[in-house]
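Protein sequences appear in the order of chains P and F.
In terms of this note's numbering, the first sequence opens at residue 1 and continues consecutively.
In terms of this note's numbering, the second sequence opens at residue 1 and continues consecutively.
Just so it is clear, CB atoms sit at the ideal spot from N, CA and C, and this is done for glycine as well.
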Amino acid sequence: ELKVEQNPLFLSMQEGKNYTIYCNYSTTSDRLYWYRQDPGKSLESLFVLLSNGAVKQEGRLMASLDTKARLSTLHITAAVHDLSATYFCAVGGMDSNYQLIWGAGTKLIIKP
Amino acid sequence: DAGITQSPRHKVTETGTPVTLRCHQTENHRYMYWYRQDPGHGLRLIHYSYGVKDTDKGEVSDGYSVSRSKTEDFLLTLESATSSQTSVYFCAISEESLLAFFGQGTRLTVV
């Protein structure tokens, strides 16, 4: 059974600091996704990671995938207040019968 | 934005009444999903569909049924609403890539 664990679940940090969110999953998977959700809003896709060693970057966010360790990281560089949101990772593929299995989410608060 | 519309956006209903939520897409995507989102639980899959009249259960399907008679519409029905079904419901669509696009959500309150 595919399980996904994120940590931390809650993170409060100062602007300008760097931090990393971790996403571990329990079995092999085809692909991994990162999403962002603002309070009261829908989910917005950020990154899709499809292969070992994949790295994607958008602004101050960088996501990477290590399929051997079954680990993805979302790194935040020089955080700004606008990045405050809840971030979810999701894993899926043929082995999960085309279901996306979701982490519980990391609520990120960035203080000025 | 992906063409996904959920209706209604907000609903308050009484315990024991049936409720149907609608998800409509204009993207012709094969897969459609219903999730519920509750504090402390993240997103949990209720049911999903991989084609017209092809549906399957997710991890929290008890008390819910779905139907997909057309590619563009996926209906979620609560046969007899209970207070534990108070939640925010999201519809999502995807193709084989599984990159999911989400609707705006429906906030359902069962009183």
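Query raised in the report: For F:His29, is the classification buried or exposed, using 16 other Cβ atoms within 10 angstroms of its Cβ as the cut-off for buried?
Result: buried
Query raised in the report: P:Tyr87 touches chain F at which residues, Cβ-Cβ below 7 Å?
Result: Those within 7 Å of P:Tyr87 in chain F number zero; the least Cβ separation is about 11 Å.
Query raised in the report: How would you call P:Ala85, buried or exposed, if buried means at least 16 neighbouring beta carbons within 10 angstroms?
Result: buried
Query - F:Leu43 and F:Glu59 closer than 8 Å at C-beta - result: no
**Report entry** Burial state of F:Ser87, where buried means 16 or more other Cβ atoms lie within 10 Å
**Finding:** buried
Query raised in the report: Using DSSP with H/G/I as helix, E/B as strand and the rest coil, what is F:Ser83?
Result: helix
Query raised in the report: At least one CB of chain P closer than 8 Å to the CB of F:Gly133: is that the case?
Result: In the structure as shown, chain F starts at 1 and stops at 111, and residue 133 of chain F therefore has no counterpart that could be examined.
Report task. Using alpha carbons as the reference points, say which of F:Cys23, F:Arg9, F:Ser7 lies closest to F:Arg68. Result -> F:Cys23
Report task. Could you tell me which residues DSSP pairs with P:Asn7 in its beta bridges? Result -> P:Tyr22
Query raised in the report: Using DSSP with H/G/I as helix, E/B as strand and the rest coil, what is F:Asp54?
Result: strand
Report task. Could you list which residues in chain P have their beta carbon closer than 7 Å to that of F:Phe74, in chain order? Result -> Chain P residues near F:Phe74: none, gap ~15 Å exceeds 7 Å.
Report task. Identify every residue that forms a DSSP beta bridge with P:Thr28. Result -> DSSP output for P:Thr28 lists no bridge partner at all.
Query raised in the report: Run through DSSP, which three-state label would F:Asp62 get?
Result: coil
Query raised in the report: Going by alpha carbons, who is nearest to F:His41 out of P:Glu5, P:His81, P:Glu58?
Result: P:Glu5
Query raised in the report: Rounded to whole angstroms, how far is the Cβ of F:Thr82 from the Cβ of F:Thr15, which I believe are closer than 8 Å?
Result: 6 Å
Query raised in the report: So what's P:His81 in DSSP terms, helix, strand or just coil?
Result: helix
Requested in this report: Give the range of the beta strand (DSSP E) segment to which P:Asp66 is assigned.
Outcome: 61 to 66
Query raised in the report: F:Phe102 to P:Arg36, Cα distance in whole Å?
Result: 11 Å
Report task. Please report how far the alpha carbon of F:Arg36 lies from the alpha carbon of P:Ala78, in whole angstroms. Result -> 33 Å
Query raised in the report: From this set, P:Gln57, P:Lys17, P:Gly16, which residue's C-alpha is nearest P:Trp34's C-alpha?
Result: P:Gln57
Query raised in the report: Which term fits F:Phe90, buried or exposed, when burial requires 16 or more other beta carbons within 10 angstroms of its beta carbon?
Result: buried
Query raised in the report: When you compare only the Cα positions, how much space is there between F:Asp54 and F:Phe74?
Result: 11 Å
Report task. Pick out whichever of P:Asp82, P:Val55, P:Ser42, P:Phe88 has its Cα sitting closest to the Cα of P:Glu15. Result -> P:Asp82
Query raised in the report: Using 8 Å as the limit for Cβ to Cβ distance, is P:Gly59 near chain F?
Result: no
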